[in-house]
Amino acid sequence: MPEHLLSPGHTACAGCGQALAARLVIDTAGPNTIIVNNTGCLEVFTTAYPESAWEVPFIHSLFENAGAVASGVESALRQTGRLDQIRVIAQAGDGGTADIGLQALSGMWERGHDILSICYDNEAYMNTGIQRSGLTPTYTSTTTSPAGKASAGNPRPKKNVMEIALAHGIPYVASASAGFPMDLQKKVKKALAIRGPKYLHIHVPCPLGWRHEPADTYRVARLAVETGLFPMVEFEGGQQTGAYTLSAPKPVAEYLKLQGRFRHLFKPGAEAALQEIQAIADRNIARYGLVKPA
Amino acid sequence: MSVNINSRPGSARNNRTGSWRVDRRPKFLRQNCIACRLCLLVCPEGIITGKAKNSFETDYVYCKGCGLCAAVCPKKDIEMIPEDTETEG
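Chains as they are written, first to last, in our numbering: chain A, 1 to 294; chain B, 1001 to 1089.
As structure tokens, then:
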């Protein structure tokens, strides 16, 4: 068996957070896994025809339908009595999960398929040139929400897919980060041990779209969690059962200043926008109990 | 007409992405390594190998030179060195 189930030679950018997270996921899941992938960076950089970086069966059909295709794969395994030995993962980026693929994904959750769905959230359509998605955070500069004189960047809030997943009453919903590799592996293992639909939302820095140094991927991912902007939480049976708690949350500026997509927030006149982002982190901290009372 | 649109597992290995490196590559100093495996876990290419302390190495055929391994090393035992420096790795 090869060392890893995602081979080198894939064409992800240097320092890609999604590439490292996807490898941790499939290495944890093991060789008896079938992956169904929406269109997105991950699909493009791992399966440039005629080559594939995957050491497990991998199917890509369309941008919107990994949920439907994975449902079919799971049903076939169930019918042929092999669902005990083979696990199914449906994975996508933020666009494939929260925007374009949401309908098929919702159907997959609602019908109760035994599938782990994963969102690799790099917070915009990176593969096609950094267009904003439903998961782009407030005041991010992207090519379709450029910051300038008339705008401080994306005016809309980041969609809460965790809450959408929870609304389906599925047994396991969790968030993880490329900056916490062992926590990520633990959550994949836990999710795959549960029968029924599972959702794992993984925050993955994109040096190209977030405009930070490739070597800063890990640092940026950790700061998103340590500021409260990306809460790492776990829900079982609809109840919150875990959170990565912070003894002292860092100011959001520490996270934002490393990234070119937020550079406009450090110019004179942007103080109010910066405060609004701090308020988002503060709300997350209160809502998910990220700071334990002393 | 039928067309085979399958790809062989792991065939992306044909792409020797080491040619992407611009000016720097990691050097594993192997002096203070505590075998925490963090470099191995975070390498986006999955090419760092090693088990015991001071035994870790990377594969320059595929290393894109992102520098993540050097950035995460808690012992600063991985250094990014200029590409033209002679070293055995």
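Note that the Cβ used here is the ideal one computed from N, Cα and C, for glycine as well.
What three-state label does DSSP hand Y172(A) in the structure shown?
Stepping through the first sequence from its first residue, residue 172(A) is reached at position 172. Under the three-state reduction of DSSP output, Y172(A) falls in the strand class.
Do H295(A) and S106(A) have their C-beta atoms within less than 8 angstroms of each other?
Chain A is shown only over 1 to 294; residue 295(A) falls outside these bounds and no answer can be derived.
Within 8 angstroms of any Cβ in chain A, is that where the Cβ of P1009(B) sits?
As a working mapping, residue 1009(B) is identified with position 9 in the second sequence. Under the Cβ criterion of 8 angstroms, P1009(B) is counted among the residues facing chain A.
What is the C-beta distance between L20(A) and A178(A), in whole angstroms, given that I count them as a contact (C-beta under 8 angstroms)?
Within the first sequence, residue 20(A) is the residue found at index 20, counting from 1. Within the first sequence, residue 178(A) is the residue found at index 178, counting from 1. L20(A) to A178(A), Cβ: 6 angstroms. Contact.
Tell me whether the beta-carbon of V225(A) lies closer than 8 angstroms to the beta-carbon of W210(A).
In the first sequence, residue 225(A) corresponds to position 225, counting from 1. In the first sequence, residue 210(A) corresponds to position 210, counting from 1. No, these two residues do not count as a Cβ contact at 8 angstroms.
Quick one: Cα of R1030(B) to Cα of D1059(B), how far?
For this step, residue 1030(B) is matched to residue 30 along the second sequence. For this step, residue 1059(B) is matched to residue 59 along the second sequence. Between R1030(B) and D1059(B), the C-alpha separation is close to 16 angstroms.
Give the C-beta separation of C1039(B) and C1066(B) to the nearest angstrom, bearing in mind that I take them to be a contact with Cβ-Cβ under 8 angstroms.
As a first step, residue 1039(B) is located in the second sequence; it is residue number 39 there, counting from the start. As a first step, residue 1066(B) is located in the second sequence; it is residue number 66 there, counting from the start. Not really, about 12 angstroms apart at Cβ, beyond 8 angstroms.
Output, in chain order, the set of chain B residues within a Cβ distance shorter than 8 angstroms of L24(A).
Walking along the first sequence from the start, residue 24(A) turns up at place 24. In chain order, L1041 make up the part of chain B whose C-beta sits under 8 angstroms from the C-beta of L24(A).
In angstroms, rounded to a whole number, what distance separates the CA positions of Y139(A) and I86(A)?
Here residue 139(A) corresponds to residue number 139 of the first sequence, with the count starting at 1. Here residue 86(A) corresponds to residue number 86 of the first sequence, with the count starting at 1. Y139(A) and I86(A) have their C-alpha atoms spaced approximately 42 angstroms apart.
Contact list for the region 1054-1067 of chain B against chain A, Cβ threshold 9 angstroms:
Interface annotation for the region 1054-1067 of chain B against chain A: D1059, V1061, Y1062, C1063, K1064, G1065, C1066 and G1067, criterion Cβ-Cβ distance under 9 angstroms.
Starting from P1044(B), find everything on chain A with Cβ-Cβ shorter than 7 angstroms and list it in chain order.
Locating residue 1044(B) in the second sequence gives position 44, where the first residue counts as 1. When 7 angstroms is used as the limit between beta carbons, P1044(B) is near these residues of chain A: A12, G15, C16, A19 and L20, in chain order.
If you count every other CB in all the chains shown that lies within 10 Å of the CB of V1042(B), and 16 or more means buried, which is it?
Looking up residue 1042(B) in the second sequence gives position 42. Under this definition V1042(B) is a buried residue.
Per DSSP, cross-strand counterpart(s) of Y120(A):
Counting from one through the first sequence, the residue named residue 120(A) turns up at place 120. G93(A) and I202(A), per the DSSP bridge assignment.
In the structure shown, what three-state DSSP assignment does A147(A) receive?
As a position in the first sequence, residue 147(A) is number 147, starting the count at 1. In the structure shown, the three-state DSSP call for A147(A) is strand.
With a threshold of 6 angstroms on Cβ separation, who are the neighbours of E110(A) within its own chain once the five nearest residues in sequence on each side are excluded?
Walking along the first sequence from the start, residue 110(A) turns up at place 110. For E110(A), where only same-chain residues beyond five positions count, the Cβ hits under 6 angstroms are H168.
Report the CB separation of W54(A) from I35(A) in whole angstroms; it is logged as a contact under 8 angstroms.
Residue mapping note: residue 54(A) aligns to position 54 of the first sequence, counting from 1. Residue mapping note: residue 35(A) aligns to position 35 of the first sequence, counting from 1. So it is a contact: roughly 7 angstroms between Cβ atoms.
Give me the chain A residues within the contact set of N1014(B), using Cβ-Cβ distance strictly less than 7 angstroms, ordered along the chain.
Sequence index remark: in the second sequence, residue 1014(B) carries index 14 (1-based). Those within 7 angstroms of N1014(B) in chain A are G9 and E51.
Count the other CB atoms, across all protein chains shown, that sit within 10 Å of the CB of I1005(B); report buried if there are 16 or more and exposed otherwise.
Within the second sequence, the letter at position 5 stands for residue 1005(B). Exposed, by the Cβ-count rule.
Host beta strand (DSSP E) of I1078(B) (start-end):
Residue mapping note: residue 1078(B) aligns to position 78 of the second sequence, counting from 1. Segment I1078 to P1082, the beta strand (DSSP E) holding I1078(B).
Going by beta-carbon coordinates alone, are L256(A) and L246(A) separated by less than 8 angstroms?
Counted from its first residue, the first sequence places residue 256(A) at position 256. Counted from its first residue, the first sequence places residue 246(A) at position 246. In this structure, L246(A) does not lie closer than 8 angstroms to L256(A) by Cβ.
Length of the line joining the Cα atoms of R23(A) and A286(A)
For the purposes of this step, residue 23(A) is taken as the residue at position 23 of the first sequence. For the purposes of this step, residue 286(A) is taken as the residue at position 286 of the first sequence. Roughly 33 angstroms between the two C-alpha positions.
Identity of the residue in V1003(B), P1009(B), W1020(B) and S1002(B) nearest Y1093(B) by Cα:
Missing from the structure shown is residue 1093(B); chain B here goes from 1001 to 1089 and no further.
is_contact[V1003(B), chain A] using C-beta, thresh 8 angstroms:
Taking the second sequence and counting its residues from 1, one reaches residue 1003(B) at position 3. With respect to chain A, the C-beta atom of V1003(B) has no partner C-beta closer than 8 angstroms.
Is there at least one Cβ from chain B nearer than 8 angstroms to Y218(A)'s Cβ?
The residue given as residue 218(A) occupies position 218 in the first sequence. So, interface residue.
Can you name the start and end residues of the beta strand (DSSP E) that G209(A) belongs to?
The residue you call residue 209(A) lines up with position 209 of the first sequence. That residue, G209(A), is in no beta strand (DSSP E); its alpha helix (DSSP H) goes P207 to W210.
Does any C-beta atom of chain B lie closer than 8 angstroms to the C-beta of L42(A)?
Looking up residue 42(A) in the first sequence gives position 42. Chain B places no beta carbon closer than 8 angstroms to that of L42(A), leaving this residue out of the contacts.
Tell me the residue span of the beta strand (DSSP E) that contains F45(A).
Reading the first sequence from its first residue, position 45 is the one you call residue 45(A). First-last for F45(A): C41 to T46, but that is the alpha helix (DSSP H), not the beta strand (DSSP E).
Close-in-space but distant-in-sequence residues of the same chain around T241(A) (CB under 6 angstroms, 5 per side omitted):
In the first sequence, the residue the question calls residue 241(A) occupies position 241. So the qualifying residues of the chain are E234.
Among D282(A), D183(A) and Q259(A), the one whose alpha carbon lies nearest that of L229(A)
As a working note, residue 229(A) is residue 229 in the first sequence. Closest option to L229(A), judged by alpha-carbon separation, among D282(A), D183(A) and Q259(A): D282(A).
For the 8 angstroms Cβ check, are there 3 or more pairs between the region 270-277 of chain A and the region 1005-1017 of chain B?
Taking 8 angstroms as the limit for Cβ pairs, the verdict is that the region 1005-1017 of chain B does not touch the region 270-277 of chain A.
From G1089(B) to R1025(B), what does the alpha carbon distance come to, in whole angstroms?
Along the second sequence, one-based indexing puts residue 1089(B) at 89. Along the second sequence, one-based indexing puts residue 1025(B) at 25. Unreliable positioning characterises G1089(B) in this predicted model, as indicated by a pLDDT of 47, which lies under 50. The coordinate reading is nonetheless provided below. Our two residues, G1089(B) and R1025(B), have alpha carbons roughly 9 angstroms apart in a direct line.
Just list the beta strand (DSSP E) runs in the region 1056-1080 of chain B, keeping only unbroken ones of 3 residues or longer that don't cross its boundaries, in chain order.
The qualifying runs do not exist here; there are none.
Helix, strand or coil: how does DSSP classify E309(A) here?
This structure cannot speak to residue 309(A), because chain A is shown only from 1 to 294.
Is L321(A) close to chain B, meaning its C-beta is less than 8 angstroms from at least one C-beta of that chain?
Any property of residue 321(A) remains undetermined from this structure, which presents chain A solely from 1 to 294.
Note down, in chain order, all residues in the region 46-77 of chain A with a beta-carbon under 8 angstroms from any beta-carbon belonging to chain B.
Cβ contacts with chain B come from T46, T47, A48, Y49, P50, E51, S52, A53, W54, E55 and V56.
Mind checking if I1047(B) is an interface residue toward chain A, Cβ cutoff 8 angstroms exclusive?
The count along the second sequence starts at 1 and reaches residue 1047(B) at position 47. Chain A, which has a Cβ nearer than 8 angstroms to the Cβ of I1047(B), makes this yes.
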